[in-house]
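Asker: Would you mind keeping the following structure in view while I ask a few things?
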């Protein structure tokens, strides 16, 4: 990264130059990144191609956008390296559904570690409701409201690590390998996740922002907040409300999108919402007709 890009990146994070690498500065950088650079899949939803090249990911951040794990952690790693932190990429995999076995380090997620002040740290700017601050890479449990996080040896990845997200809103955890990886190790998985019509990143427009007290999520037209008080959700049924939430809560003005693409995005999100509502109503009627939920005959 050029010095001018580092300065622009730090301005996006609302931080001054942190100076010499330290654990305190690393924590401030991760927290600011989570608060100001949202997890978002809007380009994937629109069918706009992206790459996992760190330079492209940095450019996304500098033009006011976010991304999913490859973009966010790829850009964050580039910033940290420019600031003097020794960052290592790792193959990882998100355990989204606790009712099924975890995938292991299948490359569906990019994890990062940093060595600082005599200890290794797990850092992550792209896990949705992941840790708000870096975690020391050793077994233990840490409370970062409103969630708890555990680190332990991975039962799925020999020699690897398991991050448990307790009471998480978007995932149950993440496993990662200790070996270093590079952008090429994620290219095929990124192509599948961003181009397959069945991919959840392609099917649903999602935006997530973590802060010190909880996590905000926009899935389609449903805006929700998870914090110590519980989960609160509401529907955003007008384009004005939807785009205002994107800007005010998630910091996304989408100024890089032409007006026709912004309108196309809204129309598709609204249509998908109506389709899901209709499908839900049809399923409810079918279940009622079949007697699902009725007490069993005795």
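Residue numbers (the numbering used here): 7 to 304.
Where a beta carbon is used, it is the ideal one built from N, C-alpha and C, also for glycine.
1) Does residue 294 pass the burial test, meaning 16 or more other C-beta atoms within 10 Å, or should it be called exposed?
2) Taking the straight line between their C-alpha atoms, what separation do you get for residue 150 and residue 112?
3) Please say whether residue 49 and residue 57 have beta carbons closer to each other than 8 Å?
4) Check whether the Cβ atoms of residue 221 and residue 175 sit closer than 8 Å, and answer yes or no.
5) Measure from the alpha carbon of residue 88 to the alpha carbon of each residue in 62, 154, 7, then state which is nearest.
6) Given that a residue counts as buried once 16 or more other Cβ atoms are within 10 Å of its Cβ, and exposed if not, what is residue 145?
7) Let me check understanding here. Comparing Cα to Cα, which of 122, 93, 212, 71 lies closest to residue 229?
8) Between residue 194 and residue 75, what straight-line distance do the alpha-carbon atoms span, to the nearest angstrom?
9) From residue 24 to residue 218, what does the alpha carbon distance come to, in whole angstroms?
10) Looking at residue 224 and residue 241, is the spacing between their C-beta atoms short of 8 Å?
11) Using the Cβ count rule (16 or more neighbours within 10 Å means buried), how would you classify residue 306?
12) DSSP three-state label for residue 8, please.
13) Return yes when the Cβ of residue 19 is within less than 8 Å of the Cβ of residue 5, no when it is not.
14) Quick check: the stretch 63-82 against the stretch 132-148, are there 3 or more CB pairs under 8 Å?
15) Could you give the DSSP three-state label for residue 16: helix, strand or coil?
Answerer: Reading from the atomic positions:
1) Caution is warranted here: a pLDDT of 49 is assigned to residue 294, below 50, making its placement in the model unreliable, and no coordinate value can be reported.
2) 27 Å
3) no
4) yes
5) 7
6) It is exposed - the Cβ of residue 145 has fewer than 16 other Cβ atoms within 10 Å.
7) 212
8) Take the alpha-carbon of residue 194 and the one of residue 75: they are about 14 Å apart.
9) Their Cα atoms are separated by approximately 20 Å.
10) no
11) Since the first residue shown for the chain is 7 and the last is 304, residue 306 is missing from the structure and cannot be characterised.
12) coil
13) In the structure as shown, the chain begins at 7 and stops at 304. Residue 5 is therefore absent and cannot be evaluated.
14) Yes: the two stretches touch, three or more of their Cβ pairs being nearer than 8 Å.
15) helix
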